[in-house]
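To keep things clear, I will list the structure first and then write my remarks on it.
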Amino acid sequence: MLTTLSIRQIALIDQLELDFAAGMTALTGETGAGKSILIDAIGLLLGDRANMNLLRAGCDQGEVTGEFLLPADSPAARWLEEQELGEEPEGDSLPLIVRRLLSRDGRSKAWINGRPVPGQTLKGIGRHLIDIHGQHQNQRLMQAKTQLALLDHFCDLKRQVDELGRLSRQIHADEQQLANHQAEQASRADRLAFLEFQLEEIERVDPQPDEFNQLHAELKRLTRLDEWRQVLAEQMAALFDEDGNAHDRVGAAEQALSRIADLDEALGPVIETLQSAEIQIAEAVDTLRDRLESAEADPERLATVEARLDTLHELARKHRVAPEAFEQHVHDLREEHEQLEQAGSTLGEVESRLVENRATYDRLAAEVSTKRATGAKKLAERLKASIRELGMPNGEFEVRLTQPETLAERRGERGIDEVVFLISANRGQPVAPLDQIASGGELARVSLALKTLTAGDDPVGTFIFDEVDTGIGGATAAIVGAHLRALGDSRQVLCVTHLPQVAAHGHHQARIEKDEQADSTRTWVRALDPNERVEELARMLGGREVTEQTRAHARELLDSSA
Numbered sequence: 027m028l029t030t031l032s033i034r035q036i037a038l039i040d041q042l043e044l045d046f047a048a049g050m051t052a053l054t055g056e057t058g059a060g061k062s063i064l065i066d067a068i069g070l071l072l073g074d075r076a077n078m079n080l081l082r083a084g085c086d087q088g089e090v091t092g093e094f095l096l097p098a099d100s101p102a103a104r105w106l107e108e109q110e111l112g113e114e115p116e117g118d119s120l121p122l123i124v125r126r127l128l129s130r131d132g133r134s135k136a137w138i139n140g141r142p143v144p145g146q147t148l149k150g151i152g153r154h155l156i157d158i159h160g161q162h163q164n165q166r167l168m169q170a171k172t173q174l175a176l177l178d179h180f181c182d183l184k185r186q187v188d189e190l191g192r193l194s195r196q197i198h199a200d201e202q203q204l205a206n207h208q209a210e211q212a213s214r215a216d217r218l219a220f221l222e223f224q225l226e227e228i229e230r231v232d233p234q235p236d237e238f239n240q241l242h243a244e245l246k247r248l249t250r251l252d253e254w255r256q257v258l259a260e261q262m263a264a265l266f267d268e269d270g271n272a273h274d275r276v277g278a279a280e281q282a283l284s285r286i287a288d289l290d291e292a293l294g295p296v297i298e299t300l301q302s303a304e305i306q307i308a309e310a311v312d313t314l315r316d317r318l319e320s321a322e323a324d325p326e327r328l329a330t331v332e333a334r335l336d337t338l339h340e341l342a343r344k345h346r347v348a349p350e351a352f353e354q355h356v357h358d359l360r361e362e363h364e365q366l367e368q369a370g371s372t373l374g375e376v377e378s379r380l381v382e383n384r385a386t387y388d389r390l391a392a393e394v395s396t397k398r399a400t401g402a403k404k405l406a407e408r409l410k411a412s413i414r415e416l417g418m419p420n421g422e423f424e425v426r427l428t429q430p431e432t433l434a435e436r437r438g439e440r441g442i443d444e445v446v447f448l449i450s451a452n453r454g455q456p457v458a459p460l461d462q463i464a465s466g467g468e469l470a471r472v473s474l475a476l477k478t479l480t481a482g483d484d485p486v487g488t489f490i491f492d493e494v495d496t497g498i499g500g501a502t503a504a505i506v507g508a509h510l511r512a513l514g515d516s517r518q519v520l521c522v523t524h525l526p527q528v529a530a531h532g533h534h535q536a537r538i539e540k541d542e543q544a545d546s547t548r549t550w551v552r553a554l555d556p557n558e559r560v561e562e563l564a565r566m567l568g569g570r571e572v573t574e575q576t577r578a579h580a581r582e583l584l585d586s587s588a
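When the count follows the numbering used here, it moves up by one through the sequence shown with no breaks and lands on 588 for the last residue.
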């Protein structure tokens, strides 16, 4: 429920704060006083597009703030919790403050409970807070998708229609995947055959991990065999064979130090190190001797290594990769081959799912269609009764369902039905679609009738009606007012009206006034007490001349409407 509306520097309003209560509040005032400004301001809180023309002349910024009190278990409260924008509940209620700021430079800012939010977030919470029924919203009533949504709401089909939507999206995604697969099937088969050819060629060569680097190192050793043998022989001589070799010199040093070891205990570790070095030199020489004896020329092995390297080089060249990167290349080829082979099995899963989802969709769509047909008759009968009460005594109403073959084939998100609302406002006139014959006033009354019928299932706490009394008067206006008041018994209702018969049914009433000065115009709104309501209704009944007779008539309206 909207509890307080604050407006600053918007249109003709310089500053305004208005408190609202539960029930129906009638908003009245002279023509041109600016009643629509309130609706526009509330629209800003709900995420409507920021129109900088709404800024008051001469002002750089304008601001609208709405304070709400929500049931703690309402969809709006749950939405705020999901978005992490909620406050702590106060008992069974949750406070909410929504603020919107317009700037002359074209920028618009918004806050929910003091936290900055984008416009889409404002729209998200707005759908849960207020439902506005004005000329623009009533025009949507003529759209087929709006009519289908209203029928589904009346039939309580949200869960089933949501499931149809999920199935439809999955079906279309799978159909697209299959179509893409079929379009790519030829190129995929060619690629798979090419990969198999390449892998078979590689398997014939059978390159081993790190083989290229190992062969390259061996080739280097085989081609430099003479240099290798010479270096081995020279170092063996230096270590062991020639006069003054390292082994003998270390041994001599160890013997000399051993003779004086009893004179210096610190020489013990040195002697041990030299003894160890002597042993290690001998072991190194043994290893060098073994390598030297094995380092004989092997032309056959050299030819084998060169031939194998040539084979690996040629294979790498054909695959356009460096020889040292060939191992990773083979891994990539095998991975791609596996993925292409798996595509076939994945495709089988998609085809199976598609068959299952189509069958489930068709079965559910048929169930939904049956329930819609039953609900359409009930809705039409109840709407016919309502519009006859609302000033169309000879009115007829029909909710017509069709099932085009193209829609069934398409498996759309809302099922296989198309719906159209048809109306006849006058005796002898055949029913026709709303968009062909309904006037603005008739649309407004159909909208009111629909809202009255479905209000019990609507979680939105505030309804706003603008122009609902267009084209009516007298007894019909009183009936419209009674419908609005009945709606206000369970919801907060704000109604902009110029008819006293409608305004009198309000639980509360506020007057919108305009003050024209020499160089400026200002609009403000004030709540009316019981005596002021009598004066306002008398003005609405008799124009500027308020008489005791019009006051008496106003009191009668109030008494009969309570």
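Quick reminder that beta carbons are idealized off the backbone N, C-alpha and C, glycines included.
Original post:
Among Val425, Leu335, Gln87 and Val187, which one has its Cα closest to the Cα of phenylalanine 352?
Top reply: Comparing alpha-carbon positions, the option among Val425, Leu335, Gln87 and Val187 lying closest to phenylalanine 352 turns out to be Leu335.
Original post:
Among Glu298, Arg581, His242 and Asn206, which one has its Cα closest to the Cα of valine 331?
Top reply: Ranking Glu298, Arg581, His242 and Asn206 by Cα distance to valine 331 puts His242 first.
Subject >> Start and end residues, beta strand (DSSP E) containing isoleucine 123 >> reply: 119-129 is the span of the beta strand (DSSP E), which, as asked, contains isoleucine 123.
Original post:
Of the choices Ile63, Gln35, Met168 and Arg440, whose alpha-carbon is the least far from that of aspartate 492?
Top reply: Selected option, being the one with the closest Cα: Ile63.
Subject >> Host alpha helix (DSSP H) of leucine 314 (start-end) >> reply: For leucine 314, the enclosing alpha helix (DSSP H) covers residues 293-320.
Original post:
histidine 154 bridges to which residues according to DSSP?
Top reply: DSSP links histidine 154 through a beta bridge to no other residue.
**OP:** Would you list the residues sitting across from phenylalanine 447 in a DSSP beta bridge?
**Re:** Answer is Val425.
**OP:** With a threshold of 16 other CB atoms inside 10 Å of the CB of lysine 665, please say whether the residue is buried or exposed.
**Re:** In the structure as shown, the chain starts at 27 and stops at 588, and residue 665 therefore has no counterpart that could be examined.
Original post:
So what does DSSP say about leucine 111, is it helix, strand or coil?
Top reply: DSSP places leucine 111 in coil when its eight states are reduced to three.
**OP:** Using the DSSP secondary-structure output, state which residues sit across from lysine 135 in a beta bridge.
**Re:** According to the DSSP secondary-structure assignment, lysine 135 is paired through a beta bridge with Leu127.
Subject >> Reduced DSSP secondary structure (H/G/I, E/B, other) of glycine 441 >> reply: Here DSSP, grouped into helix, strand and coil, assigns glycine 441 to strand.
Original post:
Should aspartate 178 be labelled buried (16 or more other beta-carbon atoms within 10 Å of its own) or exposed?
Top reply: Aspartate 178 is buried by the Cβ-count criterion.
Subject >> Contact belief for valine 394 with leucine 183 at Cβ below 8 Å, rounded distance in angstroms >> reply: About 6 Å separates the two Cβ atoms, so the contact holds.
**OP:** Flag this pair as yes or no: are the beta carbons of valine 486 and isoleucine 498 separated by less than 8 Å?
**Re:** Not a contact, by the Cβ cut-off of 8 Å.
Original post:
How should threonine 478 be labelled, buried or exposed, when 16 other C-beta atoms within 10 angstroms of its C-beta is the threshold for buried?
Top reply: By the C-beta density criterion, threonine 478 is buried, having at least 16 other C-beta atoms within 10 angstroms.
Subject >> Cβ separation of leucine 72 and leucine 122, assumed to be a contact under 8 Å, to the nearest whole Å >> reply: Not a contact, Cβ separation roughly 13 Å.
Original post:
What number of angstroms, rounded off, separates the C-alpha of valine 494 from the C-alpha of glycine 467?
Top reply: Valine 494 and glycine 467: Cα-Cα distance of roughly 7 Å.
Original post:
Which runs of the beta strand (DSSP E), 3 residues or longer, sit entirely within the region 53-100?
Top reply: The DSSP assignment places complete beta strand (DSSP E) segments of no fewer than 3 residues inside the region 53-100 at 87-97, in order along the chain.
Original post:
When the Cα atoms are used, what is the spatial distance from aspartate 86 to glycine 92?
Top reply: Annotation: aspartate 86 to glycine 92 spans about 21 Å, alpha carbon to alpha carbon.
Original post:
Would you call the CB atoms of glutamate 280 and isoleucine 297 closer than 8 Å?
Top reply: Contact flag set, yes.
Original post:
So, helix, strand or coil for alanine 530, using DSSP?
Top reply: Of the three classes helix, strand and coil, the one that applies to alanine 530 here is coil, per DSSP.
Original post:
Helix, strand or coil: which one does DSSP assign to histidine 345?
Top reply: Coil, per DSSP.
**OP:** Count the other CB atoms, across all protein chains shown, that sit within 10 Å of the CB of phenylalanine 489; report buried if there are 16 or more and exposed otherwise.
**Re:** Phenylalanine 489 should be labelled buried.
Original post:
Under the rule that 16 or more other beta-carbon atoms within 10 Å means buried, what is proline 526, buried or exposed?
Top reply: Its Cβ being crowded by 16 or more others within 10 Å, proline 526 is buried.
Original post:
What's the call for aspartate 157, buried or exposed, on a 16-neighbour Cβ count within 10 Å?
Top reply: Burial call: buried.
Original post:
So, valine 90 versus isoleucine 33, is the Cβ gap smaller than 8 Å?
Top reply: Yes, they are a contact pair.
Original post:
CA-CA distance, leucine 258 and glutamine 365?
Top reply: In this structure, the straight-line span from the alpha carbon of leucine 258 to that of glutamine 365 is close to 54 Å.
Original post:
Do the CB positions of methionine 50 and leucine 95 come within less than 8 Å of each other?
Top reply: In this structure, leucine 95 does not lie closer than 8 Å to methionine 50 by Cβ.
Subject >> Strand pairing of histidine 159, partner residues [DSSP] >> reply: Its beta-bridge partners are Phe491.
**OP:** Evaluate contact between the region 200-207 and the region 442-457, counting only Cβ atoms and requiring at least three cross-stretch pairs below 8 Å.
**Re:** The count of Cβ pairs closer than 8 Å, one atom from the region 200-207 and one from the region 442-457, stays below three, leaving the stretches out of contact.
Original post:
In chain order, what residues of the same chain lie with their CB nearer than 7 Å to the CB of serine 284, ignoring the 5 residues before and after it?
Top reply: Closer than 7 Å at Cβ, skipping near neighbours: Ile297.
Subject >> Beta bridge counterpart(s) of isoleucine 31 as assigned by DSSP >> reply: The identity of residue 31 in the sequence shown is leucine, whereas the question assumes isoleucine. According to the DSSP secondary-structure assignment, leucine 31 is paired through a beta bridge with Leu44 and Gly92.
Subject >> 6 Å Cβ shell around alanine 103 - same chain, five flanking residues per side excluded >> reply: Excluding sequence neighbours, alanine 103 sits near Leu96 and Leu120.
Original post:
Quick one: what does DSSP say valine 268 is sitting in, helix, strand or coil?
Top reply: According to the sequence as given, residue 268 is glutamate; it is not valine. Three-state result, glutamate 268: coil.
**OP:** With DSSP collapsed to three states, give me the class of alanine 37.
**Re:** Here alanine 37 sits in coil by DSSP.
**OP:** Leaving out five residues on either side along the sequence, give the residues of the same chain with a beta carbon under 8 Å from the beta carbon of asparagine 271.
**Re:** Within the same chain, asparagine 271 has close Cβ partners Ala263, Ala264 and Leu265.
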